[in-house]
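Residue numbers (the numbering used here): 113 to 380. By construction, the Cβ of each residue, glycine as well, lies at the ideal position given by its N, Cα and C atoms. First comes the structure, then the notes that go with it.
Spelled out as structure tokens, the structure:
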């Protein structure tokens with residue numbers, strides 16, 4: 113028969129664990145109705161050494177990592193061809209992303225995803241402006257990509273939209289590293305030629321750029337900057353903060369996108 117202590121609704125979880133197995137099932141029912149402890153935490157502390165909340169957070173972090181990596185690739189494969197033909201449409205779609213992000217942000221259980229979409233909308237805006245009207249001038253690429261940086265910094269100052277802000281910063285950082293590589297290896301002239309030349313000449317331009325990348329200087333800078341991306345993309349994964357995983361997803365996916373451009377130059 114259950115003891116007086118175990119019958120008491122205020123009995124602690126530690127005390128339940130000391131009960132005989134035959135009485136634990138009844139005791140658990142008493143534990144989970146304690147006013148200061150939820151059913152989930154009671155069962156967790158009794159049977160699981162690791163927090164279920166931590167497990168849920170890990171799953172959430174992984175989803176944000178993959179979503180961030182996907183969103184970095186979206187402008188490359190969807191926006192880039194769209195903006196060349198319909199630049200104003202691409203610019204207008206920024207408003208659609210902001211609306212979608214704000215809608216999700218205000219829905220129960222969807223706040224994090226809305227936050228991420230709002231951060232993505234800033235990268236889409238910058239891509240629409242640059243690739244629509246200024247793509248032949250690489251020297252202003254990074255300043256235009258940073259067009260939303262003041263807004264993001266203000267939001268961070270007040271603790272707003274952290275997941276989206278860190279995604280934007282990760283994407284901007286990856287863009288900066290890529291541009292630095294172009295500057296250091298003398299690829300800027302090839303960038304200009306590629307943007308203003310007919311599509312039929314793209315293969316020759318990419319081939320010439322590849323020869324520049326295969327020099328000692330090109331390989332050396334590639335190794336250094338790739339190592340920097342890997343380091344700053346993986347270190348935040350040691351934290352349990354969702355926003356830092358969004359940052360990592362954006363940074364690490366830059367490596368994938370840059371690798372695709374390298375492969376395009378090889379097979380051009």
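Nearest to residue i (by Cα), restricted to the options the options
| i | options | result |
| --- | --- | --- |
| residue 237 | 216, 217 and 201 | 201 |
| residue 293 | 191, 308, 318 and 334 | 334 |
| residue 379 | 191, 320 and 250 | 320 |
| residue 192 | 289, 226, 169 and 307 | 307 |
| residue 194 | 183, 239 and 262 | 239 |
| residue 169 | 231, 359 and 355 | 355 |
| residue 360 | 370, 349 and 190 | 349 |
| residue 364 | 375, 261, 347 and 273 | 347 |
| residue 261 | 209, 329, 217 and 233 | 233 |
Expected contact under 8 Å - CB spacing of residue i and residue j to nearest Å
| i | j | result |
| --- | --- | --- |
| residue 241 | residue 203 | 7 Å |
| residue 235 | residue 283 | 5 Å |
| residue 338 | residue 317 | At roughly 23 Å, the Cβ-Cβ gap does not stay under 8 Å, so residue 338 and residue 317 are not in contact. |
Coarse secondary structure for residue i, derived from DSSP in three states
| i | result |
| --- | --- |
| residue 219 | coil |
| residue 210 | helix |
| residue 154 | Note on residue 154: pLDDT 41, under 50, position unreliable in the model; the coordinate value appears next. Note: residue 154 maps to helix in three-state DSSP. |
| residue 128 | The pLDDT assigned to residue 128 is 46, lower than 50, so where the model puts this residue is not dependable, and the model offers no usable value. |
| residue 313 | helix |
| residue 236 | helix |
| residue 351 | coil |
| residue 248 | coil |
Residue range of the unbroken alpha helix (DSSP H) whose run includes residue i
| i | result |
| --- | --- |
| residue 375 | 354-379 |
| residue 303 | 300-308 |
| residue 326 | Residue 326 -> no alpha helix (DSSP H), and no H or E assigned at all. |
| residue 254 | 253-257 |
| residue 287 | 274-297 |
| residue 188 | That residue, residue 188, is in no alpha helix (DSSP H); it is neither H nor E in DSSP. |
| residue 433 | Examination of residue 433 is not possible in this model, given that the chain is present from 113 through 380 alone. |
| residue 193 | 192-197 |
- Message: Closer than 8 Å is the cut-off here; do at least three beta carbon pairs connect the stretch 270-283 with the stretch 174-187?
- Response: Yes: at least three Cβ pairs fall under 8 Å.
- Item | Stretch pair the stretch 286-306 + the stretch 242-253: three plus CB contacts closer than 8 Å | At 8 Å Cβ cutoff, the stretches touch.
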